[in-house]
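Enquirer:
Numbering (the numbering used here), first residue to last: 27 to 243.
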């Protein structure tokens with residue numbers, strides 16, 4: 027397959043060099059069609075495509091790992107809650123400039139620490155959450171510390187619930203799923219999120235988040 031691909035590349039280059047009046051445009055189009063799947067494959071391979079699964083009451087990693095689970099299996103499966111959570115905190119820590127958070131409920135120590143630390147470094151950390159929920163938590167140390175370190179928090183007032191659950195890293199990578207980032211959700215409930223850098227999808231979320239942020243006083 028690689029040999030065929032390279033041959034098509036060479037043929038296409040040669041055809042471009044030859045007078046177009048002699049070589050029909052149709053042949054060039056055929057070459058482009060033959061190369062299209064390879065271009066699409068390279069595009070897909072460059073995208074971030076991952077997921078994280080949180081199983082109810084399943085702890086396949088220490089310190090929550092049951093004694094009967096062989097140590098060789100720890101941190102090596104979708105059952106590893108700590109590994110799933112680490113996918114997000116690692117992405118936050120490796121962000122270049124910004125993290126945009128839209129969550130109904132956020133009370134996960136690991137996530138709050140990661141957001142605070144990146145805000146201290148001068149990165150733009152935005153968080154939108156439900157107004158009723160955040161009002162009940164304004165006296166909590168984690169929220170106070172986050173605001174002191176530079177995390178910008180806005181409250182969305184609605185007759186219903188601000189029930190979004192997504193995080194955007196550097197306006198390039200999207201975390202979208204079912205879970206609120208609380209200990210109950212991550213270490214108790216059945217939850218999940220997908221991770222993607224698909225440009226079309228991320229672009230729509232970025233635009234939506236910016237509109238949402240700007241609409242809130």
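From the three backbone atoms N, C-alpha and C, an ideal C-beta is built for every residue, glycine too.
(1) According to DSSP, residue 208 sits in a beta bridge with which residue or residues?
(2) For the candidate residues 145, 126 and 153, whose alpha-carbon lies nearest to that of residue 197?
(3) Here's the rule I'm using: 16 or more other beta-carbon atoms within 10 Å means buried, otherwise exposed. How should residue 213 be labelled?
(4) Given a threshold of 16 other Cβ atoms within 10 Å of its Cβ, counted over all protein chains shown, does residue 225 qualify as buried or as exposed?
(5) Just list the alpha helix (DSSP H) runs in the stretch 157 to 235, keeping only unbroken ones of 4 residues or longer that don't cross its boundaries, in chain order.
(6) Can you tell me the Cα-Cα spacing of residue 160 and residue 181, whole angstroms?
(7) Please report how far the alpha carbon of residue 183 lies from the alpha carbon of residue 162, in whole angstroms.
(8) Distance, Cα to Cα, residue 95 vs residue 107?
(9) Looking at residue 192: is its Cβ nearer than 7 Å to the Cβ of residue 128?
(10) Using a threshold of 7 Å, state whether the C-beta atoms of residue 206 and residue 131 are closer than that.
(11) Give the straight-line distance between the Cα atoms of residue 110 and residue 78, rounded to the nearest whole angstrom.
(12) Closest to residue 209 by CA distance: which of 136, 76 and 113 is it?
(13) Does DSSP classify residue 242 as helix, strand or coil?
(14) What are the partner residues of residue 154, as DSSP defines its beta bridges?
(15) On a Cα-Cα basis, can you pick out the residue from 169, 199, 168 and 234 that is closest to residue 219?
(16) With a Cβ-Cβ cutoff of 7 Å, do residue 145 and residue 175 count as a contact?
(17) Using a Cβ-Cβ cutoff of less than 6 Å, which residues in the same chain neighbour residue 76 once the five nearest sequence positions on both sides are dropped?
(18) Can you name, in chain order, every residue of its own chain whose Cβ lies under 8 Å from the Cβ of residue 227, other than the five neighbours on each side?
(19) So the candidates are 170, 154 and 114; which of them puts its Cα closest to the Cα of residue 238?
Expert: Checking against the coordinates, here is how it stands:
(1) According to DSSP, residue pairing for residue 208 in a beta bridge involves 133.
(2) 126
(3) buried
(4) exposed
(5) 157 to 163, 167 to 174 and 209 to 213
(6) Computed Cα separation, rounded: 7 Å.
(7) Going by the C-alpha atoms only, they are around 14 Å apart.
(8) Model confidence at residue 95 stands at a pLDDT of 49, short of 50, so the residue's coordinates are unreliable and nothing is read from them.
(9) yes
(10) yes
(11) 5 Å
(12) 136
(13) DSSP places residue 242 in coil when its eight states are reduced to three.
(14) 128 and 180
(15) 199
(16) yes
(17) 221
(18) Only residues of its own chain outside the window of five on either side were considered, and among them 200 have a CB closer than 8 Å to the CB of residue 227, listed in chain order.
(19) 154
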